[in-house]
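Residue numbers (this note's numbering): -1 to 265.
Okay, so here's the structure we're looking at.
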Amino acid sequence: MRKLLIGCLVAVAALGITAVALAVTVQNYKQTFSSKKPGKPSGSVFHANSNDSANTSNNQQPAAAKEVDIIFPKGSAVDQKAIPTCSASDQDFSSKGQAACPSKSQIGHQKPKCHASGPQANCSGHASLRLRFGNKGSAADIAARIYAFNGKNKTLILYIVPNGANPIVLRPKIKTGKTPKIITKIPGICTLGTYPNCGTAGEARLDDLDLTIDKLGSKTKPYLKTPPTCPSSKKWVFKATWHYRPATSGEPPQPASDTKTSNSPCK
């Protein structure tokens, strides 16, 4: 009986340790081409959201992503020469806002879903974004609009305008070839102060993102093209990897990275 009791206690303890180990950020990811036909001009729709239900002391804030890598299905093609590019500097955006880039260099449009609400709502961008604070004393979420442009030298430009906060400029890198890849470095984000000293509001982290890349260019020179063949599975596979910063004091442990896949139907 004593051995049985000890065995039960060990099992319960093991389950508790496992629960703590598994209490990590949950990422939901979906990405598809707008075209199901092989070798055709296409757009792409991206959606991701995340939370950490175990991070109760920090408003269920997800892990802090320092980089997000999007890998397109093998055989996809990205041709940045298919549309005009934008060469605006951070200073240009500071003085001109989204008008710093030529309108014909934009690569996305607004989805029907818009996270912005309240007196500072702004749904005029090319994509929507929601940031989550860890400080329960501040607003739980802050909405933002993204203006996405085709940059120079194998880059994109994301001009992010959080409601009531300073704009952010990100410049993801594009790796072309047989398997295109978009690499986005994400700095620590504060609405007040400078990271890591974000003031009473605390750090804001990526919580929800919707981004649509339009079908751009021409039939003979498209910006984005689907792979030349459709596999027997009738699915092209996108892949996204989130790379995290170490958990801060009081947060549940987090893995170094998390990879998800998303199927895009083809025929």
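Heads up, the beta-carbon is just placed ideally off N, CA and C, and yes, glycines get one too.
Model, not experiment: these values are computed from the prediction.
- Rounded to the nearest angstrom, the gap between the Cα atoms of R143 and A163 is 12 Å.
- Under the three-state reduction of DSSP, S103 is assigned to helix.
- Between the alpha carbons of P220 and A202 lies a gap of roughly 36 Å.
- Less than 8 Å divides the Cβ of I81 from the Cβ of L214.
- Secondary structure at S255: strand, using DSSP grouped into helix, strand and coil.
- Counting every other CB atom within 10 Å of its CB across the protein chains shown gives P253 a total below 16, marking it as exposed.
- Taken atom to atom, the span from the alpha-carbon of D206 to that of T30 is near 17 Å.
- Nearest neighbour of V159 by Cα position, chosen from S260, A238, P100, I187, turns out to be I187.
- Just measuring C-alpha positions, the residue of K183, A141, G95 sitting nearest N161 is A141.
- Contact annotation, S42 with N26: C-beta distance approximately 17 Å; criterion of less than 8 Å not satisfied.
- Taking 8 Å as the upper bound for CB-CB distance, D256 and W234 are not in contact here, some 21 Å apart.
- The segment 27 to 95 contains, as complete beta strand (DSSP E) runs of 3+ residues, the segments 42 to 49, 63 to 69 (chain order).
- In the displayed model, A202 falls within a strand according to three-state DSSP.
- Under the DSSP assignment, L156 falls in the beta strand (DSSP E) whose first and last residues are 154 to 160.
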